[in-house]
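Before any comments, here is the structure.
Number of protein chains: 2
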Amino acid sequence: MSNVNVKGKVTLLSAGPGDLDLLTLRASKALAAADILLVDDLANADIVTLAPNARVIRVGKRGGCKSTPQAFIQRLMQRYAKKGLHVVRVKGGDALLFGRAGEEISALREAGISVDIVNGVSSGFAAAAGLGISLTHRDHCQGVTFVTAHMQDHSQPDWAALAATGTTLAIYMGMNRIASLTASLLETLSANTPAAVVQNAGSQQERRLVTTLDRLAQEATEAGLGSPAVILIGGAIGEAVEFAKRVHATEGFAHAA
Amino acid sequence: MSNVNVKGKVTLLSAGPGDLDLLTLRASKALAAADILLVDDLANADIVTLAPNARVIRVGKRGGCKSTPQAFIQRLMQRYAKKGLHVVRVKGGDALLFGRAGEEISALREAGISVDIVNGVSSGFAAAAGLGISLTHRDHCQGVTFVTAHMQDHSQPDWAALAATGTTLAIYMGMNRIASLTASLLETLSANTPAAVVQNAGSQQERRLVTTLDRLAQEATEAGLGSPAVILIGGAIGEAVEFAKRVHATEGFAHAA
Chain F
1176 MSNVNVKGKV
1186 TLLSAGPGDL
1196 DLLTLRASKA
1206 LAAADILLVD
1216 DLANADIVTL
1226 APNARVIRVG
1236 KRGGCKSTPQ
1246 AFIQRLMQRY
1256 AKKGLHVVRV
1266 KGGDALLFGR
1276 AGEEISALRE
1286 AGISVDIVNG
1296 VSSGFAAAAG
1306 LGISLTHRDH
1316 CQGVTFVTAH
1326 MQDHSQPDWA
1336 ALAATGTTLA
1346 IYMGMNRIAS
1356 LTASLLETLS
1366 ANTPAAVVQN
1376 AGSQQERRLV
1386 TTLDRLAQEA
1396 TEAGLGSPAV
1406 ILIGGAIGEA
1416 VEFAKRVHAT
1426 EGFAHAA
Chain L
1176 MSNVNVKGKV
1186 TLLSAGPGDL
1196 DLLTLRASKA
1206 LAAADILLVD
1216 DLANADIVTL
1226 APNARVIRVG
1236 KRGGCKSTPQ
1246 AFIQRLMQRY
1256 AKKGLHVVRV
1266 KGGDALLFGR
1276 AGEEISALRE
1286 AGISVDIVNG
1296 VSSGFAAAAG
1306 LGISLTHRDH
1316 CQGVTFVTAH
1326 MQDHSQPDWA
1336 ALAATGTTLA
1346 IYMGMNRIAS
1356 LTASLLETLS
1366 ANTPAAVVQN
1376 AGSQQERRLV
1386 TTLDRLAQEA
1396 TEAGLGSPAV
1406 ILIGGAIGEA
1416 VEFAKRVHAT
1426 EGFAHAA
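Protein sequence lines correspond, in order, to chains F and L. Heads up, this note's numbering is the position in the first sequence plus 1175, with the first residue counted as 1. Heads up, this note's numbering is the position in the second sequence plus 1175, with the first residue counted as 1.
Listed below in structure tokens is the structure:
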């Protein structure tokens, strides 16, 4: 009820996984109308070209690295919105999957500031598109679980419970603990469960690795794959052409040996 | 390896949850270039206006209702692609979440036909935007599970296992069994777990109900909510302003009684 006279507003805008043409038409319009653009470091840096009238402020946070404090980002959004400006807060992927949108929405509401949300494509979907697979091929599973390996209290997710669902697992922010999380999953899932890493999904820099769960951590390390990346695990990943090629290549190698 | 001379192609295109401005820029371009448009009945019917050069063929399938057989859709796509045409197969939400994209991709590959995939916004994300919440508010959960209640063999998902993950549940195609699935979830989750139904999420016809798990089925039925809708369950849903209002309204009512 406070600050009902605030005329500015904040748009939480999903920048999608990377390529600018994966933005929605609605996002493109909001960018064009932005006065202030707060850009996350997981978003494509070229997104500023779509907001020609905006003052651009670079903020961002990436697990373990130096980042702009959340409280400072909150204050910036509120300050400019209270000046009557249209603040567009750009977030990579979809703003409503990880990335602290929940806390930002709460704080803005408490300050009496109107919040719009513009959806987008999360990187797990782009990763599946790169692999040419459905996340939920019905021969394999009944759903997909998006989970962060980077928890607020630095604990681990309950990998056994997640594996027990039988859903495809799409693990975000897991690259710096890929060895431990795959080891945990191997306590429940079989060694030959199809698995993949897609780095920079949905961008020109996309790199993919498709293998089995028991080999995932080692092969990802050997290939030099790192953040930002999505780890995908489950039978549905076995539908990727790259998985079939890998199996054939392995078989050929075995025959030759 | 067969049919390497096929010059046509198929684009599996995600139409998003409803409003046309939730299409991606890439989807918009693909529609403009389409020769043949196969439109799902979960997609916004007005999408044809974005494909002025395409011959439009309406296909679709909705659980329990009459629908175009999958095999016929497959044959249509292959026939037109083999004629050298650009076939755009439109699917509601994101093509890679439910909706049989996996089977369509496999069949097209076997026929030697090139497949492009264009991502989009799935209705679960639009539902969260409508509610003004993050799907994964880190005070409440470490992820979100998208699951279909409509399984290939007509069995039920393992609700206990899904609830045990502690993730937000986004249940698709669950409205015709909302009483039984909420009853199953109540064996694991507490009665006052926040829960919501969002019908026609991300469209002008969006309708929302926010309540607790124990009241969800009855209130959804009383409100006349039906398919297509997303059912959202978990602590993160309690961040919705509508949940707070509901609690206050209930308290007020109790005081007055």
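Backbone N, C-alpha and C fix where the C-beta goes; we use that ideal spot for every residue, glycine too.
Original post:
Do you know offhand how far L1356 (chain F)'s Cα is from G1410 (chain F)'s?
Top reply: 18 angstroms
Original post:
Name the chain L residues that come within less than 8 angstroms of D1196 (chain F), Cβ to Cβ?
Top reply: T1199, L1200, R1201, K1204
Subject >> Sequence-distant residues of the same chain with beta carbon closer than 6 angstroms to I1346 (chain L), five excluded per side >> reply: V1322, A1324, I1406
Subject >> Contact set between the region 1279-1313 of chain F and chain L, restricted to residues whose Cβ is under 8 angstroms from the partner >> reply: I1280, S1281, R1284, V1290, I1292, V1293, N1294, G1295, V1296, S1297, F1300, A1301, A1303, A1304, G1307, I1308, S1309, L1310, T1311, H1312, R1313
Subject >> Cutoff 6 angstroms; reference G1239 (chain F); Cβ partners in own chain excluding five residues on either side >> reply: In this predicted model, G1239 (chain F) has a pLDDT of only 48, less than 50, meaning its place in the structure is not dependable; the value taken from the coordinates is given anyway. Contacts found: none.
Original post:
Excluding sequence positions up to five away, which residues of its chain have a Cβ less than 8 angstroms from the Cβ of A1429 (chain F)?
Top reply: Note that A1429 (chain F) scores a pLDDT of 41, beneath 50, so its modelled location is shaky and nothing firm can be said.
**OP:** From the DSSP output, read off the bridge partner residues of H1315 (chain L).
**Re:** According to DSSP, H1315 (chain L) bridges with nothing at all.
**OP:** Give a yes or no on whether 7 angstroms exceeds the smallest Cβ distance from L1118 (chain F) to chain L.
**Re:** An answer regarding residue 1118 (chain F) cannot be provided, because it is not within the stretch 1176 to 1432 covered by chain F.
Original post:
If the cut is a Cβ gap below 9 angstroms, which residues of chain L does E1414 (chain F) touch?
Top reply: G1277, I1280, S1281
**OP:** Name, please, each residue of chain L whose Cβ falls closer than 8 angstroms to the Cβ of P1332 (chain F).
**Re:** Q1317, G1318
Subject >> Residue interval of the alpha helix (DSSP H) (run including T1249 (chain L)) >> reply: Before going on, a small fix: residue 1249 (chain L) reads as Gln here, not Thr. Unbroken alpha helix (DSSP H) run through Q1249 (chain L): 1245-1257.
**OP:** With a 10 Å radius around its C-beta and 16 neighbouring C-beta atoms as the bar for buried, classify T1396 (chain F) as buried or exposed.
**Re:** exposed
**OP:** Using the DSSP secondary-structure output, state which residues sit across from V1263 (chain F) in a beta bridge.
**Re:** F:T1186, F:L1212
**OP:** Could you spell out the range, first to last residue, of the alpha helix (DSSP H) harbouring T1357 (chain F)?
**Re:** 1353-1361
**OP:** For L1272 (chain F), decide whether its Cβ has a neighbour in chain L, counting only Cβ atoms nearer than 7 angstroms.
**Re:** yes
Subject >> Residue from F:V1372, F:G1401, F:T1340, F:L1212 whose Cα sits closest to the Cα of I1232 (chain F) >> reply: F:L1212
Original post:
Taking C-alpha atoms, which residue in L:S1297, L:Y1255, L:R1250, L:M1350 lies nearest to A1282 (chain L)?
Top reply: L:R1250
Original post:
On the three-state DSSP scale, how would you describe A1392 (chain F)?
Top reply: helix
Subject >> Where Q1327 (chain L) meets chain F, residues with beta-carbon distance less than 9 angstroms >> reply: R1313, D1314, Q1317
Original post:
Which residue from L:G1193, L:A1301, L:K1420 puts its Cα closest to that of N1294 (chain F)?
Top reply: L:A1301
Original post:
Sorted by chain position, which residues of the same chain lie with C-beta nearer than 6 angstroms to W1334 (chain F)'s C-beta, five sequence neighbours on each side aside?
Top reply: S1359, L1360
Subject >> Beta-carbon proximity of T1342 (chain L) to G1318 (chain L), cut-off 7 angstroms >> reply: yes
**OP:** For the beta strand (DSSP E) holding L1344 (chain L), just list the boundary residues, first then last.
**Re:** 1343-1347
Original post:
beta strand (DSSP E) containing R1382 (chain L): first to last residue?
Top reply: 1382-1387
Subject >> Boundaries (first-last residue) of the alpha helix (DSSP H) holding R1284 (chain L) >> reply: 1276-1285
Subject >> Residues within the region 1387-1417 of chain F neighbouring chain L, beta-carbon criterion of under 8 angstroms >> reply: A1411, E1414, V1416
Original post:
Within the 7 angstroms Cβ cut-off, does T1224 (chain L) reach chain F?
Top reply: no
Subject >> CB-CB length for V1290 (chain L) against L1187 (chain L), believed under 8 angstroms >> reply: 6 angstroms
Subject >> Coil, strand or helix - D1291 (chain F) by DSSP >> reply: strand
Original post:
For the region 1360-1371 of chain L, which residues have a beta carbon sitting closer than 9 angstroms to at least one beta carbon of chain F?
Top reply: none
Original post:
So, does the CB of G1238 (chain F) fall closer than 7 angstroms to a CB anywhere in chain L?
Top reply: Note that G1238 (chain F) scores 49 on pLDDT, short of 50, meaning its location in the model is unreliable; the coordinates nonetheless yield the value given after this. It does not: the Cβ of G1238 (chain F) has no partner Cβ on chain L nearer than 7 angstroms.
**OP:** Consult DSSP for T1368 (chain L) and reduce its assignment to one of helix, strand or coil.
**Re:** coil
**OP:** Assuming T1320 (chain F) and T1340 (chain F) form a contact by the criterion Cβ under 8 angstroms, report the distance between their Cβ atoms to the nearest whole angstrom.
**Re:** 6 angstroms
Original post:
Quick one: which chain L residues come within Cβ less than 7 angstroms of D1215 (chain F)?
Top reply: In chain order: nothing, as chain L lies at least about 15 angstroms away.
Original post:
Shorter than 7 angstroms from the beta carbon of F1321 (chain L) to some beta carbon of chain F?
Top reply: yes
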